[in-house]
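Novice:
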Amino acid sequence: MVKCKIPVNKSGKHYEELVIVSHKEMLTIAKYDGDERIEVKTKDIPRLIDALIFIDTQENKFAE
């Protein structure tokens, strides 16, 4: 099992944390103090990463 916490949405001293856990061929991404989560099979992680890179690329292409 691998766990990782990432601080996101920082505003002042407050920030949220995403918790990423990989366990038994499943990847779970959840808010630390929340009940929202997604689960992805580890074999689908490359497609998830590709989608995130695509979104980031598109946002940078059309920056406001």
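Under the numbering used here, the first residue of the sequence shown is numbered -5, with each subsequent residue one higher. Glycine included, C-beta positions come from ideal geometry on N, C-alpha and C. All values reported here derive from a predicted model rather than from experimental measurement.
Closest by CA to residue 26, which one among 48, 13, 53, 49?
Specialist: Minimum Cα distance to residue 26 is reached at 13.
Novice: Could you say which of 48, 18, 10 lies nearest to residue 61 if we only look at CA atoms?
Specialist: This structure gives no information on residue 61, because the portion of the chain shown stretches from -5 to 58.
Novice: Write down every uninterrupted run of the alpha helix (DSSP H) in the stretch -1 to 43 whose length is 4 residues or greater and which is fully enclosed by it, in chain order.
Specialist: Listed in chain order, nothing qualifies, since the stretch -1 to 43 has no complete alpha helix (DSSP H) run of 4 or more residues.
Novice: Taking the straight line between their C-alpha atoms, what separation do you get for residue 20 and residue 31?
Specialist: Cα to Cα, the separation comes out at about 13 Å.
Novice: Kindly list the residues whose CB is nearer than 6 Å to the CB of residue 24, restricted to its own chain and excluding five residues on each side of it in sequence; keep chain order.
Specialist: So the list reads 13, 31, once near-sequence residues are dropped.
Novice: Within this structure, are the beta carbons of residue 11 and residue -3 separated by less than 9 Å?
Specialist: Not closer than 9 Å, so no.
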